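Presented below is the structure to which this report refers.
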Amino acid sequence: CVCRSMAQPQVHDTPSKSQLEQVAQAVRDLLHQPEYDDGSAGPVLVRLAWHSAGTYCSATNTGGSNGAGMRYEKEGGDEANAGLQHARAFLEPIKKRFPFITYADLWTLAAVVAVKEMGGPSIKWRGGRTDFTDDNKVPPRGRLPDGSKGADHLRHIFYRMGFNDQEIVALSGAHNLGRCHSDRSGFEGKWVNNPTRFSNTYYKMLLVNDWKKKKLDNGKEQFVYVDEDLAEENEDGEASEEPEELMMLPTDIALIQDLSFRPWVELYAEHKDIFFDHFSKVFAKLLELGIRRDKNGNIVNEENQHDGYKS
Ligand code: ZEM
């Protein structure tokens with residue numbers, strides 16, 4: 073690319089609308105994965121976008137979804153990113169087929185498409201991200217949240233990105249999707265019964281269920297609840313099926329224990345439309361963290377913008 077050799081800020085054109093629609097359709101086509109997890113690649117794609125963007129630090133203007141640094145061991149090997157190689161592998165054939173899209177755009181666009189396909193809100197997305205060509209500008213490890221901690225930790229991590237309490241709770245609603253894997257995070261199980269349908273069920277579960285602390289064999293502590301209704305359903309139908317235990321991370325439980333977080337959980341549990349609206353806005357904000365655009369919407373990568381990845 074010529075612009076890389078220029079001393080001035082780099083400006084990349086975003087792919088055209090019809091090119092992006094082709095990519096979006098290819099993402100829709102790969103979501104159905106009968107052999108994988110709960111049958112959908114959607115949840116892990118959403119987590120990929122979140123972890124690519126969630127490294128952002130507003131004080132140093134470093135990290136964020138631009139660059140797709142997770143391709144490099146320095147970021148991809150962070151234990152917080154364990155399992156996301158599956159998400160990247162799902163998308164690799166699309167990258168091969170549509171080389172005009174950067175990894176950084178593909179990872180973020182795929183999440184937006186997945187949320188919508190799983191029944192969630194439309195999310196504004198803008199392209200033009202570029203990919204790092206080496207790992208110099210890759211942010212340091214350790215910037216993503218640790219599920220075994222509490223409200224102070226959540227604030228420490230998310231305030232660093234520039235989010236407030238309401239936004240922390242709205243973003244956490246993504247835990248309506250997918251599951252924890254013992255071989256990835258060490259936690260186990262899903263938050264809701266239908267983890268491939270985007271909804272506000274996560275907040276309802278937080279409020280109505282009686283969550284009990286459980287220590288896993290690996291020493292990790294999470295909160296669990298066994299859905300009795302589901303147990304009966306299973307007895308009527310497939311008798312062999314055990315009722316599935318639902319789970320919450322300590323950070324999820326912090327949302328109902330903390331007096332400033334809790335009212336947002338209550339609001340979103342009651343009003344799915346408000347949750348969808350707030351989630352749409354906050355997820356769009358997440359994907360734009362650290363990205364500066366010119367008046368045409370093209371991303372401006374200043375040569376020195378990412379200097380000083382020290383912390
Ligand atoms: Zn998650 N998340 N997350 N998250 N997350 C997991 C899974 C998923 C935290 C966390 O420790 C974990 C956000 C916020 C936070 C998703 C989306 C978003 C897992 C399980 C853990 C441990 C990983 C595994 O074992 O595979 C913590 C502490 C968070 C702080 C609030 C935000 C924000 C998200 C998006 C907006 C998704 C979709 C999953 C399910 C992934 C999958 O593979 O099914």
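Going by this note's numbering, the first residue of the sequence shown is number 73, and it counts up by one from there.
Backbone N, C-alpha and C define an ideal beta-carbon position, used for all residues, glycine too.
On a predicted model such as this, the values are computed, not experimentally measured, just so you know.
Check: residue i C-beta below 8 Å from any heavy atom of the ligand ZEM
| i | result |
| --- | --- |
| Thr323 | yes |
| Pro217 | yes |
| Gly240 | Note on residue identity: the sequence assigns Ile, not Gly, to residue 240. Checking the Cβ of Ile240 against the ligand ZEM gives yes. |
| Ala246 | yes |
| Leu358 | yes |
| Phe204 | no |
| Ser257 | yes |
| Pro115 | yes |
| Cys129 | no |
| His104 | no |
| Arg198 | no |
| Leu163 | no |
| Ile229 | yes |
| Trp179 | no |
| Asp282 | no |
| Gly234 | no |
Close Cβ partners of residue i (< 6 Å) along its chain, the five nearest in sequence each way excluded
| i | result |
| --- | --- |
| Ser271 | Asn248 |
| Ala98 | Ile166 |
| Ala183 | Leu117, Val118, Ala121 |
| Ala242 | His350, Phe351, Val354 |
| Asp177 | Gly199, Arg201 |
| Tyr128 | Gly135, Gly136, Met233, Leu361, Gly362 |
| Ala385 | Lying outside 73 to 383, the shown extent of the chain, residue 385 is not represented and no answer is given. |
Close Cβ partners of residue i (< 8 Å) along its chain, the five nearest in sequence each way excluded
| i | result |
| --- | --- |
| Asn153 | His123, Met142, Glu147, Leu216 |
| Lys284 | Phe295, Val296, Tyr297 |
| Gln157 | Gly148 |
Residue burial classification, residue i (beta-carbon count within 10 angstroms, cutoff 16)
| i | result |
| --- | --- |
| Arg65 | Since the first and last residues shown for the chain are 73 and 383, residue 65 lies out of range. |
| Leu331 | exposed |
| Ala186 | buried |
| Gln294 | buried |
| Cys73 | Annotation note: pLDDT 49 at Cys73 (below 50); position unreliable, no value reported. |
| Ala246 | buried |
| Glu151 | exposed |
| Asp237 | buried |
| Gly291 | exposed |
| Pro106 | exposed |
| Pro115 | buried |
| Ala341 | buried |
| Pro171 | exposed |
Neighbourhood of residue i by C-beta distance below 7 Å, restricted to the same chain and skipping five residues each side
| i | result |
| --- | --- |
| Ser130 | Arg232, Met233, Gly234 |
Checklist entry - Quick one: any contact between the stretch 210 to 227 and the stretch 317 to 326, if contact means 3 or more CB pairs under 8 Å? => result Counting C-beta pairs with one atom in each stretch, the stretch 210 to 227 and the stretch 317 to 326 have three or more that are closer than 8 Å, which means they touch.
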